[in-house]
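Under numbering that gives the first Met the number 0, the first residue of the sequence shown is numbered 0, with each subsequent residue one higher.
For every residue, glycine included, the Cβ atom is placed at its ideal position computed from N, Cα and C.
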Amino acid sequence: MLNIKKLVRSNILDLQPYSSARDEFSGSEGVFLDANENPYGEFNRYPDPYQKELKQKLAVQKGVDIDTIFVGNGSDEVIDLAFRVFCDPGMDKALTFTPTYGMYDVSAAINNVKLLKIPLNKEFQIDRTTLDHKRDDKSIKLVFICSPNNPTGNLMNQRDIEFILENFNSIVIIDEAYIDFAEGDSLINLIDKYSNLIVCQTFSKAWGLAAARVGMAYSNSEIISLLNKIKPPYNVSKLNQNLAVQALENKALYKAHLKRILSEKIKLKNALDKLDVVKKIYPSDANFFLIEVTNAEAVYAALVAQDIIIRKRTKLVPNGLRITVGTAQENQSLITALKNIS
Ligand code: PMP
0 MLNIKKLVRS
10 NILDLQPYSS
20 ARDEFSGSEG
30 VFLDANENPY
40 GEFNRYPDPY
50 QKELKQKLAV
60 QKGVDIDTIF
70 VGNGSDEVID
80 LAFRVFCDPG
90 MDKALTFTPT
100 YGMYDVSAAI
110 NNVKLLKIPL
120 NKEFQIDRTT
130 LDHKRDDKSI
140 KLVFICSPNN
150 PTGNLMNQRD
160 IEFILENFNS
170 IVIIDEAYID
180 FAEGDSLINL
190 IDKYSNLIVC
200 QTFSKAWGLA
210 AARVGMAYSN
220 SEIISLLNKI
230 KPPYNVSKLN
240 QNLAVQALEN
250 KALYKAHLKR
260 ILSEKIKLKN
270 ALDKLDVVKK
280 IYPSDANFFL
290 IEVTNAEAVY
300 AALVAQDIII
310 RKRTKLVPNG
320 LRITVGTAQE
330 NQSLITALKN
340 IS
């Protein structure tokens with residue numbers, strides 16, 4: 000078991016957190032004259048800073064204790080907060096495996112933290128032989144592993160993730176933004192086993208609430224308290240908390256959308272497979288495909304000219320394009336447009 004306190008920035012350990020009006024009195028009955036709110040209107044009151052109703056629902060759904068859940072303004076907020084809890088700017092480092100999600104790099108840069116990037120192997124898996132000299136680097140405070148990985152689409156091997164959890168003196172963040180689409184299981188069930196594990200998930204993908212900005216971190220209560228200690232007091236609006244609660248209450252809709260996306264995904268793959276312009280489709284456990292074409296710039300431009308917008312990933316994967324699975328009609332429009340190119 001790692002001593003988490005040893006990984007935390009000393010100024011964060013010493014920090015006296017802001018105490019909001021709702022921290023000091025959290026009951027729901029009474030005459031509230033404590034938060035300088037406007038007494039009129041429907042959305043005049045500050046939201047619950049700890050999102051209890053939402054967390055209670057998540058706790059039941061995930062089979063975890065409420066104090067192992069943090070809710071952020073999207074999981075991007077969790078990524079940024081993790082840097083601020085654990086990495087001393089200009090001194091500490093973080094580590095990730097590339098190609099991967101670009102915000103680890105941006106958040107690292109914003110926080111003036113060096114992000115070490117280890118290339119994934121040809122199957123986009125972690126190559127353990129590349130880890131040897133990194134294991135003992137005490138300045139690596141955070142390791143980001145995206146699984147399923149964006150933009151490659153694959154799940155990372157669990158045994159490699161556990162190897163890192165066991166062998167690095169670092170907090171390991173498993174970013175599971177796309178886990179609902181995957182065949183494999185979430186690693187949330189490992190948060191009791193590894194004191195250095197944080198698992199991030201989001202309402203932005205399978206739950207269809209990207210506009211709402213609600214993301215979660217699951218970890219032990221010590222790490223969750225640290226995230227709570229430094230977050231802005233009312234980081235998730237009441238409107239957004241309500242939308243997430245409503246989504247959890249309507250699981251049938253979530254399941255129906257998930258089923259449709261997964262069946263469209265199979266159809267899209269079959270259609271892409273038949274096109275000469277597509278040289279390779281990488282296996283995907285997410286709601287998108289990474290494909291390789293001969294000239295990605297030209298294909299991208301030709302699609303934009305036909306009002307079809309996909310994601311150019313050429314800086315991460317040579318001639319790589321990332322395609323999100325859309326509705327049947329959207330996917331058909333893409334395939335028709337690609338046929339016009341080939
Ligand atoms: N992680 C990954 C791997 C992502 O692809 C994204 C969004 N593109 C995020 C996190 C951020 O998600 P959120 O909308 O919850 O901030």
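Distances taken from the Cβ of Asn156 to the heavy atoms of the ligand PMP include none shorter than 6 Å. In this structure, DSSP gives Met215 an extended state, which the three-state scheme calls strand. Assignment of beta-bridge partners to Arg158 by DSSP yields no partner. Between Asn286 and Val235, the CB-CB gap reaches or exceeds 7 Å. Membership of Phe287 in the beta strand (DSSP E) is indicated by the continuous run 287-292. When only Cα atoms are considered, Ser18 and Tyr45 end up about 14 Å apart. Annotation for Met0: Ser194 place their beta carbon closer than 6 Å to its own, counting only its chain and skipping 5 residues before and after. When rounded, the separation of the alpha-carbon atoms in Tyr100 and Leu208 is 19 Å. Taking C-alpha positions only, Glu41 is separated from Tyr103 by approximately 37 Å. By the neighbour-count criterion, in which 16 or more other beta carbons inside 10 Å mark a residue as buried, Pro231 falls on the exposed side. With a minimum length of 3 residues, the unbroken runs of beta strand (DSSP E) contained wholly in the segment 243-322 fall at 277-280, 287-292.
With contacts defined as CB atoms closer than 7 Å, Gly214 and Gly71 qualify as a contacting pair. Taking 7 Å as the cut-off, the Cβ atoms of Lys140 and Cys86 count as close. Residue side-chain check: Tyr100 places its Cβ nearer than 6 Å to a non-hydrogen atom of the ligand PMP. Ile307 is positioned such that its CB atom lies closer than 7 Å to that of Leu333.
Remark: three or more beta-carbon pairs, one from each stretch, lie closer than 8 Å, so the segment 155-162 and the segment 118-128 are flagged as touching.
As computed with DSSP, Leu115 is found in a beta bridge with Leu94.
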